[in-house]
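Structure first, commentary second.
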Amino acid sequence: MWIAEGFIPRGGHGRTMEEKAQNFLEELLQRSLVQVIKKSWGDKCKTCRVHDLIREMAIHEAREENFFTVFTKEGDDIQLSTQKVRRAMLQLSPPTNFGIYSNNARSLLIFRPYEYKLNNPEFRLLKVLSIERVTFDNKKINIRNHKSWLEGLIHLRYLGFRYCYWMPFEFLSISFSNLKNLETVDFKGTSFGYRYGICEKLHLWQGNYFLHSLWKVPSLRHVIISYKDICSSFPSKGDPLKNLQTLKFDIDIRRRSFPSIEEMWQNLKAMLTRTEHLISFAIKSSDPLPLLSEGTRGLSCHETIQNLFLDGRWKRNMCALNLEMLPTNLTKLTLMRSYLEEDPMPVLERLQSLTILRLYGQPFVGTKLTCLEGGFPRLQKLELISIFDVSHWDIKKEAMPRLSHLKMFRLEKLQVFPKLQNVPMLRNLELDERLYEKSGEQENYYKIQHIPSVRKLKNWRD
1 MWIAEGFIPR GGHGRTMEEK AQNFLEELLQ RSLVQVIKKS WGDKCKTCRV
51 HDLIREMAIH EAREENFFTV FTKEGDDIQL STQKVRRAML QLSPPTNFGI
101 YSNNARSLLI FRPYEYKLNN PEFRLLKVLS IERVTFDNKK INIRNHKSWL
151 EGLIHLRYLG FRYCYWMPFE FLSISFSNLK NLETVDFKGT SFGYRYGICE
201 KLHLWQGNYF LHSLWKVPSL RHVIISYKDI CSSFPSKGDP LKNLQTLKFD
251 IDIRRRSFPS IEEMWQNLKA MLTRTEHLIS FAIKSSDPLP LLSEGTRGLS
301 CHETIQNLFL DGRWKRNMCA LNLEMLPTNL TKLTLMRSYL EEDPMPVLER
351 LQSLTILRLY GQPFVGTKLT CLEGGFPRLQ KLELISIFDV SHWDIKKEAM
401 PRLSHLKMFR LEKLQVFPKL QNVPMLRNLE LDERLYEKSG EQENYYKIQH
451 IPSVRKLKNW RD
């Protein structure tokens with residue numbers, strides 16, 4: 001959002017704008033102007049907040065300079081038509097008179113769950129539109145006005161509808177052809193609703209149209225669409241997506257409504273080849289993932305990808321993982337519901353740059369995992385969650401030499417506690433209740449006595 005606002009200087013060599021923004025955030029943290037709430041692995045700030053006193057002072061100064069206005073009082077009227085406010089943020093309950101329109105506004109942010117009543121909007125110069133946790137009333141919204149309004153925001157760089165409820169499917173038929181400056185599209189967690197009995201074929205067509213027009217925007221940097229009812233269609237041909245860095249999708253396609261699933265996957269692979277700077281790729285699918293198939297190089301040709309998240313069953317004839325299927329420069333990998341029949345560790349441990357590995361929800365259906373000597377040379381964090389069939393985990397000496405954080409939750413058939421004494425750098429161990437009790441048994445104490453922190457988890461997300 002800082003980038004879309006223009007707060008981050010463009011140009012320069014060696015660093016992306018996202019890296020510059022991260023450096024600015026770190027500087028604010030070091031000066032104690034921003035407080036860390038939660039850190040991600042690697043000691044980066046994941047969520048943050050501003051102290052109440054600093055917040056009040058900043059809001060006051062922003063209002064004095066017409067830089068930013070925050071509306072938080074319930075029941076207040078909001079009229080921006082006569083103001084020169086460039087940035088407006090709405091919180092709490094909706095005002096009694098929601099007359100918010102301004103040709104001067106550059107940013108509009110709406111938070112908190114309430115009924116969406118923004119009718120006949122006029123924000124021609126908007127660069128940032130972020131609407132979060134609101135509920136749409138499909139019977140009261142003028143869909144035609146909203147579509148023409150969104151399609152006319154030629155300066156828009158950030159479009160976010162996050163965790164919204166019952167967003168009309170008709171919004172998917174908007175065209176992005178005029179939005180040449182759009183950089184971020186974030187529909188994370190948003191659910192879509194039917195209006196006037198709209199048929200399934202129509203909403204599939206709208207989903208296809210939405211995505212086809214989206215990929216024609218050359219400035220795209222981040223695309224996040226995590227609601228599975230959006231039909232995902234990817235163009236087989238098109239211009240290079242030179243700026244695309246993040247691509248996250250949740251795909252739910254049924255053969256009865258979308259017969260050419262194989263064609264869709266082929267188009268996705270073709271589109272990925274047109275990306276030059278893709279860093280993060282995540283995909284969830286209810287259909288088997290042919291994206292990683294035998295006889296192909298899979299994702300290994302995408303050397304820029306560092307963060308990969310794959311949630312979905314692999315094809316039936318794929319029982320083993322092959323190194324050629326994965327990007328060679330991965331630093332973070334998550335495999336979920338893969339149902340691999342052969343131990344993936346001998347392949348994954350050869351990824352020289354891998355620092356974070358998460359295996360969730362039956363990624364492997366065999367009975368034994370083995371980590372060999374010298375494997376995972378840079379791995380620092382390992383999470384094994386809900387792997388129900390594993391009964392033995394063999395850790396050889398000098399395996400995972402840099403591992404410092406290990407989480408094991410719901411390995412229900414694991415009978416022999418693993419030889420963690422072979423992981424000398426381990427500093428944090430998190431276990432479910434059964435494994436925690438097992439680690440405290442006398443015959444297992446020597447395996448964990450070198451670990452400073454051993455914690456019992458009630459929930460795997462803790």
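Going by the UniProt record's numbering, the first residue of the sequence shown is number 1, and it counts up by one from there.
Ideal placement from N, C-alpha and C gives every residue a C-beta, glycine not left out.
In the three-state reduction of the DSSP assignment, F7 falls in the coil class, being assigned neither a helical nor a strand state. Taken through DSSP and simplified to helix, strand or coil, Y158 comes out as strand. In this model, E18 and T334 are separated by some 22 Å (Cα to Cα). In this structure, R162 and T184 do not form a Cβ contact; the two beta carbons are roughly 11 Å apart against a cut-off of 8 Å. Taking a contact to require three or more Cβ pairs closer than 8 Å, the region 369 to 387 and the region 410 to 425 qualify as touching.
Taking a contact to require three or more Cβ pairs closer than 8 Å, the region 415 to 432 and the region 392 to 401 qualify as touching.
With fewer than 16 other CB atoms across the displayed protein chains lying within 10 angstroms of its CB, E303 is exposed.
The beta carbon of E5 lies closer than 7 Å to those of S107, K127 and V128 in the same chain, with the five residues before and after it left out. In this structure, Q30 lies away from C48, with their beta-carbon atoms at least 8 Å apart. Using a 10 angstroms sphere on the CB of K38, the tally of other CB atoms stays under 16, which defines it as exposed. Distance from the Cα of F67 is smallest, within the candidate group N104, L33 and L435, for N104. It is roughly 27 Å from the alpha-carbon of H277 to the alpha-carbon of S286.
Under the DSSP assignment, M336 falls in the beta strand (DSSP E) whose first and last residues are K332 to M336.
Looking at the DSSP output, I356 bridges to K332 and K381. For L244, same chain residues with a beta-carbon under 6 Å away, outside a window of 5 residues either side, are L220, T275 and L278 in chain order. Taken atom to atom, the span from the alpha-carbon of V390 to that of P363 is near 11 Å. For A21, the enclosing alpha helix (DSSP H) begins and ends at M17 to Q30.
For S439, the enclosing alpha helix (DSSP H) starts and ends at E433 to S439. Assignment of Y165 by DSSP, reduced to helix, strand and coil, places it in the strand class. With contacts defined by Cβ atoms closer than 8 Å, F136 and Y158 do not form a contacting pair. For E132, the enclosing beta strand (DSSP E) stretches over residues V128 to E132.
Secondary structure at Q266: helix, using DSSP grouped into helix, strand and coil. Sorting P377, G361, P418 and I356 by C-alpha distance to the C-alpha of D43 places I356 at the top. The DSSP-derived three-state label of S285 is strand.
A check of alpha carbon separations from I448 across L406, Q415 and R461 identifies L406 as the nearest.
Around M271, the same chain offers F234 as residues with beta carbons nearer than 6 Å, after the five sequence neighbours per side are excluded. Its chain contains W41, T355, I356, R402, L403, S404 and H405 as the residues whose beta carbon lies nearer than 8 Å to that of Q380, once the 5 sequence neighbours on both sides are disregarded; these appear in chain order.
Within its own chain, the residues whose Cβ lies closer than 8 Å to the Cβ of K147, once the five positions on either side in sequence are excluded, are E170, F171, S173 and I174, listed in chain order.
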